[in-house]
Amino acid sequence: MKTNHLILLSLLAFGTINAQFAEDPLNAVLETKDAKNFWKAFDKMETSTANPFVEYIENGSPGVKSFITNRIINADSLYATVKKNKEEYLKTRHVLDGIGAKDKKLKASYSALKYWYPKAKFSTVYFVYGRMNTGGNSSNEGISIGTELFKNLDGVVPLIVHEMIHFQQNNKGNESLLKQALTEGGADFIAEFVSGEPMNVKAFQYGEANSDRLYKEFVTRYKTDDFRDWFYWTSKKDDRPNDLGYWIGYKICEAYFNKQTDKHKAVHDILNIEDPFLFLKESGFLDSYIQSYAKEKNLKYDDFFQEFSGEPSTVTLIVNVPDKNDEVYIAGNQKGLGSWSASSVKMERKSDFERTLTLKIYVPAQLKFTKGSWNQEADVKGVEKGQNIKIENAKSNKFTYKINSWFKN
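Residue numbers -22 to -1, 1 to 387, in mature numbering (1 follows the signal peptide of the UniProt record, and there is no 0), belong to the letters of the sequence shown in order.
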């Protein structure tokens, strides 16, 4: 074990790329090569006639590559941001000097995670430089940390552990506020459990101080896919911070964990939630709030723990297509809509330019139209490109749509 740790410190010093995933937590790698390459490019900014960040990106690790889309964009975008914020970047030049000490704490957290969850695997963590718009992200290649946003390494251990937890998670169910809260809150709970360091302190403090009001609000919303006011942005209706969903998801997972006598199984269950609604029910959390709201609205208590409640409605979908040869499939958020399979539910041909299908669905429903593959998704008139079509109620049993064109998702 000591030898492995010395090898790891050597990798940190020289920035050698290792395998993407490690079974042994002591063999997990923190990759710092990109940070070194960034500063080489930075130092050439005033003397080079070419953009030095072209080389930074071309020679970048998988971590840099995962930071391109919607973050770095390209070398010119990075150059412009760095030049404009040169002094801010300079404040981070030596931030990784203390990474060796943080690595020891990180390996202790990884080892604790491996003890509680033996299936855990550990991806490479890449310290990269971007455009000051992302603190970190997870991709198939590993975890990338936006080093330019860290003036020191305080909080970097729980952040990395949180992202590492996401690699272990296998939560099922359609997208909902509850599922998202359990995914992020579960990662926070397990990360704190194995590292001893809390995350999202601001959201937690606000949540605890306003818990009664927030619990009442959450039970009215958690079955929807509307994340507003609970995650990345707020409507400004009050003084709440972002990310309250992390806090309430943490609280639900904590309640579930505390009820279980077998803590290894509890950790496994939190990382592998089969049914978010059943998980909430088994946690016992929010029970009194759900009962009160159900009574107030004359609703069934058990319906709060099912993804869809009530009886399905019979509806007819009618689609006008741009080409007479188009075959149209429905992909949606429930079994009758193919459970988001792009090729399960085929519409019938009524005429050259019209497709139709009558089926039973639960409302509210969400769906998209495809040609049988996500490589050919419909751009539907009146619906923002790439967004889901929503059927909020079935007062009208016929719904007509026009496909403008097809695009690759």
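By construction, the Cβ of each residue, glycine as well, lies at the ideal position given by its N, Cα and C atoms. Every value quoted in this text rests on a predicted model; they were computed, and no experiment measured them.
*Keeping to the same chain, check which residues put their C-beta closer than 7 Å to that of residue 116; ignore five residues upstream and five downstream.*
Position 138 of the sequence shown, counted from the start, is the residue given in the question as residue 116. Around residue 116: 141, 144, 145.
_What does the alpha-carbon distance come out to for the pair residue 70 and residue 370?_
Here residue 70 is taken as the residue at index 92 of the sequence shown, counted from 1. Here residue 370 is taken as the residue at index 392 of the sequence shown, counted from 1. Between residue 70 and residue 370, the C-alpha separation is close to 49 Å.
*Using three-state DSSP, classify residue 35 as helix, strand or coil.*
In the sequence shown, the residue the question calls residue 35 occupies position 57. Here residue 35 carries a helix assignment [DSSP, helix/strand/coil].
*Under three-state DSSP, which class holds residue 374?*
Counting from one through the sequence shown, the residue named residue 374 turns up at place 396. Correct three-state label for residue 374: coil.
_Per DSSP, what are the beta-bridge partners of residue 389 in this structure?_
Given that the chain is displayed from residue -22 to residue 387, the structure contains no residue 389 and the question cannot be resolved.
_Can you tell me where the beta strand (DSSP E) holding residue 357 begins and where it ends?_
On the sequence shown, position 379 is the one that residue 357 refers to. Start and end: 355 to 358.
*State the CB to CB distance for the pair residue 249 and residue 95, rounded to an integer number of angstroms; the pair is presumed to be in contact (CB under 8 Å).*
Looking up residue 249 in the sequence shown gives position 271. Looking up residue 95 in the sequence shown gives position 117. The Cβ separation is near 6 Å, so the contact holds.
*So, using beta-carbon positions, are residue 297 and residue 347 closer together than 8 Å?*
As a working note, residue 297 is residue 319 in the sequence shown. As a working note, residue 347 is residue 369 in the sequence shown. Contact: yes.
*Option in 135, 60, 50, 105 with minimal Cα separation from residue 123*: Residue 123 sits at position 145 when you count from the first residue of the sequence shown. Out of 135, 60, 50, 105, 105 has the C-alpha closest to the C-alpha of residue 123.
*asked:* Can you tell me where the beta strand (DSSP E) holding residue 344 begins and where it ends?
replied: Looking up residue 344 in the sequence shown gives position 366. Counting along the chain, the beta strand (DSSP E) containing residue 344 begins and ends at 343 to 348.
_Helix, strand or coil at residue 73 [DSSP, three-state]_ = Numbered from 1 along the sequence shown, position 95 holds the residue referred to as residue 73. Looking at residue 73 - three-state DSSP - the assignment turns out to be helix.
*For residue 383, name the three-state secondary structure that DSSP assigns.*
The residue you call residue 383 lines up with position 405 of the sequence shown. Strand at residue 383.
_8 Å contact criterion, which residue 6 and residue 13 should meet: CB distance rounded_ = The residue given as residue 6 occupies position 28 in the sequence shown. The residue given as residue 13 occupies position 35 in the sequence shown. With a Cβ gap of about 18 Å, residue 6 and residue 13 do not count as contacting.
*Could you give the DSSP three-state label for residue 141: helix, strand or coil?*
One-based indexing of the sequence shown puts residue 141 at position 163. Of the three classes helix, strand and coil, the one that applies to residue 141 here is helix, per DSSP.
*Rounded to a whole number of angstroms, what is the C-alpha to C-alpha distance between residue 89 and residue 277?*
Taking the first residue of the sequence shown as position 1, residue 89 is located at position 111. Taking the first residue of the sequence shown as position 1, residue 277 is located at position 299. Across the structure, residue 89 and residue 277 are spaced so that their CA atoms are roughly 46 Å apart.
*asked:* Looking at the strands, I want to know which residues DSSP matches up with residue 115.
replied: Position 137 of the sequence shown, counted from the first residue, corresponds to residue 115. As a beta-bridge residue in DSSP terms, residue 115 pairs with 122.
*Can you have a look at residue 302 and say buried or exposed, based on whether 16 or more other CB atoms are within 10 angstroms of its CB?*
Start at 1 with the first residue of the sequence shown, and residue 302 comes out as number 324. Residue 302 comes out exposed.
*residue 308 bridges to which residues according to DSSP?*
Sequence index remark: in the sequence shown, residue 308 carries index 330 (1-based). For residue 308, which the question treats as bridged, DSSP gives the partners 323, 347.
*asked:* Going by the DSSP bridge assignment, what does residue 369 pair with across the sheet?
replied: Start at 1 with the first residue of the sequence shown, and residue 369 comes out as number 391. Residue 369 pairs with 343.
*Do you know how far the Cα of residue 327 is from the Cα of residue 333?*
Position 355 of the sequence shown, counted from the start, is the residue given in the question as residue 333. Position 349 of the sequence shown, counted from the start, is the residue given in the question as residue 327. The straight-line gap separating the alpha-carbon atoms of residue 333 and residue 327 is approximately 5 Å.
_The alpha helix (DSSP H) that contains residue 467, what's its start and end?_
Shown here, the chain extends from -22 to 387; a query on residue 467 therefore has no answer.
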